Amino acid sequence: MTTLAVSPALRTDQKAVQSVTAVSVAARRQVVRVEDLTMVYDDKAGPVLDKVSLSVGEGDIHGIIGRSGAGKSTLVRCLNRLVVPTSGRIEVSGHEITSLSSGATLRGARRDIGMIFQHFSLMSSRTAAGNIALPLEIAGVPKEEIRKRIPTLLDLVGLSKKADAYPVELSGGQKQRVGIARALALDPKVLLSDEATSALDPETTEQILSLLKDINRRLGLTVILITHEMDVVRAIASHVTVLEHGKVVESGATFDVFAFPKSPFARSFLSSIVAHDLPPQVAARLQPQPSGDTAPVLRIVFTGEAAEEPVVADLAVKFGIRASILHGRIDYIDERPLGVLSLLLPEAGDRLPAILAHLSSLGLHREVIGHAVRSSAAGTRCAAS
Amino acid sequence: MLSDLLPPALVALLLDSILQTATMVGVAALLSTLVGLPLGVLLVVTSKGQFLDRPALNRVIGTVVNLIRSTPFIILMVAIIPLTRLLAGTTVGTAAAIVPLTIAITPLYARLAEAAMREVDQSLIEAAQAMGATPLQIILKVLLPEALPGILAGQTVTLVSLVGYSAMAGTVGGGGLGDLGIRFGYQRFMPEVMVAVVIVLVVIVQSIQMAGDWAARTVNHRVARSRDRA
């Protein structure tokens, strides 16, 4: 039998929680609005994007996540009209992207939208400084002015010493830094990131993500982040949209989606980060209805301040029952603690309703997810990821 | 030294021939670059899925290029005599040889330039579009600079081919080294002239190849190398 006082593990940075709450409460301007976006490449294959709607607030880091083929790349390319959608409406930073004629107005709108790429897309014939200068040259910024702005941009991404290096002489992380500086050269309102860390090792990924977060904070830049990795979303995204087969299956603040995923797809996608689903060997022991020798299995979701509650110890003190932990995980999402714990309560008996009421009163989300045979579950086999 | 092997008159003839070959090759190369490079760009950017997608135009250009390339040079030379007369005012001599040389070599150069530009990563073009580049800016600032090493390599192949073609052009009165070799070396039984012509041609081709390789290497930043050689 395992008991665990959760509270010390979940001590949280109150300041961070407050600042995040402040941002999410304040009414923000929508910088990107997508309505009923549909993209059909091939009638037989069906739509790649199917009536996708989403909105992104100013200063958000909005993750768009899905498996490969979910339509993420097409969606992000519709935002700067590298791909022309079949139908729907897109507004980015005041530009009606979908109704622009493809001439000068479209090019003007594109200059408000920076983009970084999975394989960096740097010109091999230009140095780091030369690559960063490219969008400025394209926009017709005078040479003198370009020369003045390059050092600032290089400095912003921490590459001051690499101005004259060609891409071939740079590491993957350094190349993506050049890519970021290049994307920021024209002071965009929105930065699109298309799997920008997928070609990088975990350590470099972390550095690039914190650079993006830093830039997001310092410049108030809105970032739209396409990725297939939940870890990327968890690390920096304030909001997330989950795409499956070209449809939005979930969209909202990252914490809310992670804590209470509504779709089975999102739940399974999240399983590497949040313990919503029990490991198969534990799940196999669950049955939907109670029988003679079963005990209820509870899933408790700890969020925000409620995460500080010493729940397991509490059950022992208040109700005199022991709880065995079947599965659990605590993580920080968008700087707020999120824990999911699956407990087997062999001694709950008819006090179950009272226990549930008590947990609710603590502000915890809880549900009975099934019943498991008492004997085999009694503390001997604990599964925690 | 040279005069020990060849009489002075022949040396003068040899120098004249070198000059004629250099003129034919140089002018034809210049003209074929001026026409072939834009053709190569058109072949790339108007192809399906590219940023100036014009499939019909692309097919027309491609067909014309293929037609000229599949015509043997010796037949092409004769076939375009009226055009040569129109452009050069004559059908014999170095100036007249430049017309068929240019027409024969331009499609080759266009195809080589096209191949070099197709090697440019599509995502670079996409990146430039995302920056708000016009099609002309994409061509001038991305496509051509990125393809430059390959284009220079193509330029080298073109020049070497031109030297060969120019020898053939000589047989219809264009002059140059090929003409000298045939008239003196073969028809007048002077093997030393033939040997001299061949040696000079080998030296010219080698020099072009080395200069071309060096130029392509100098502008190629796709491979890492030490700073002092860069």
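Just so you know, the protein sequences line up as chains A and B, in that order.
Numbered as in the numbering used here, the first sequence ends at 390 without a single skipped number.
Numbered as in the numbering used here, the second sequence ends at 278 without a single skipped number.
Note that the Cβ used here is the ideal one computed from N, Cα and C, for glycine as well.
Remember, predicted model here, so these are calculated numbers, not experimental data.
* Please compile the residues from chain A whose C-beta is within a distance smaller than 9 Å of the C-beta of B:E174. => R82, L87, M120, F122, S126
* Asked: Does DSSP classify A:I278 as helix, strand or coil?
  -> coil
* **Where A:P140 meets chain B, residues with beta-carbon distance less than 7 Å** => M179
* At least one CB of chain B closer than 7 Å to the CB of A:A31: is that the case? -> Note on A:A31: pLDDT 48, under 50, position unreliable in the model; the coordinate value appears next. Not closer than 7 Å to any Cβ of chain B, the Cβ of A:A31 fails to qualify, so no.
* Asked: Which parts of the stretch 91-169 of chain A are runs of the alpha helix (DSSP H), unbroken and 4 residues or longer, counting only runs that do not cross its ends?
  -> 109-115, 133-143, 148-161
* Interface residues of the stretch 220-243 of chain A facing chain B [CB-CB below 8 Å] -> none
* Where B:L100 falls: helix, strand or coil (DSSP) -> coil
* Asked: Curious, which full-length alpha helix (DSSP H) runs of at least 4 residues does the stretch 117-144 of chain B contain?
  -> 121-127, 129-136
* Count the CB pairs spanning the stretch 201-213 of chain B and the stretch 248-256 of chain B that are closer than 8 Å, and state whether there are at least three. => yes
* Asked: Between B:W262 and chain A, is there a C-beta pair that is closer than 7 Å?
  -> no
* Asked: Under a CB-based cut-off of 7 Å, is B:A76 close to chain A?
  -> no
* **Which residues DSSP lists as bridging A:A377, in chain order** => A:L291, A:A300
* Would you say A:H281 and A:T259 are within 7 Å of each other, going by their C-beta atoms? -> no
* To do: Kindly list the residues whose CB is nearer than 6 Å to the CB of A:F122, restricted to its own chain and excluding five residues on each side of it in sequence; keep chain order.
  => D199
* **A:T110, buried or exposed, once every other Cβ within 10 Å from all chains shown has been counted against 16** => exposed
* Asked: Quick one: complete alpha helix (DSSP H) runs, 4+ long, within the stretch 228-256 of chain A?
  -> 235-241
* Short CB-CB distance (under 7 Å) between A:Y171 and chain B -> yes
* Do you know how far the Cα of A:G93 is from the Cα of B:W262? -> 53 Å
* Looking only at its own chain, which residues have a Cβ that is under 6 Å from the Cβ of A:E96, when we skip the five neighbours before and after it? -> R38
* Step through the CB atoms of chain A and report whether any lies within less than 7 Å of the CB of B:Q185. => yes
* Excluding the 5 residues preceding and the 5 following A:V306 in the sequence, name in chain order all residues of the same chain whose CB lies nearer than 6 Å to its CB. => A264, V345, H370
* A:R116 touches chain B at which residues, Cβ-Cβ below 9 Å? -> M179, G180
* Asked: Is there a Cβ from chain E that is less than 7 Å from the Cβ of A:I185?
  -> The structure shown contains no chain E; the protein chains it does contain are A and B.
* Asked: Does DSSP put B:I109 in a helix, a strand or coil?
  -> helix
* Backbone CA spacing between A:D377 and A:T299 [nearest angstrom] -> Reading the sequence as shown, one finds Ala at residue 377 of chain A and not Asp. Answer to the nearest angstrom: the Cα atoms are 5 Å apart.
* Asked: To the nearest angstrom, how far is it from the Cα of A:V57 to the Cα of A:A50?
  -> 17 Å
* Anyone know if the C-beta pair for B:A201 and B:A264 falls short of 7 Å? -> yes
* Under the three-state DSSP convention, the category B:A76 falls into -> helix
* Across which residues does DSSP place B:I187 in a beta bridge pair? -> B:I187 is not bridged to any residue.
* Out of A:L230, A:L158, A:H124, A:I374, which has the shortest C-alpha to C-alpha gap to A:L196? -> A:L230
* To do: Quickly, what does DSSP pair A:S347 with across the bridge? List them, please.
  => A:R304, A:H332
* To do: Identify whether B:R231 lies in helix, strand or coil by the three-state DSSP scheme.
  => helix
* Asked: Can you find a CB in chain A that lies within less than 7 Å of the CB of B:S171?
  -> yes
* Contact between the stretch 165-174 of chain B and the stretch 78-87 of chain B: three or more CB pairs below 8 Å? -> no
* In terms of residue numbering, what span does the alpha helix (DSSP H) encompassing A:K323 cover? -> 316-324
* **Cβ separation of A:A75 and A:E249, assumed to be a contact under 8 Å, to the nearest whole Å** => 6 Å
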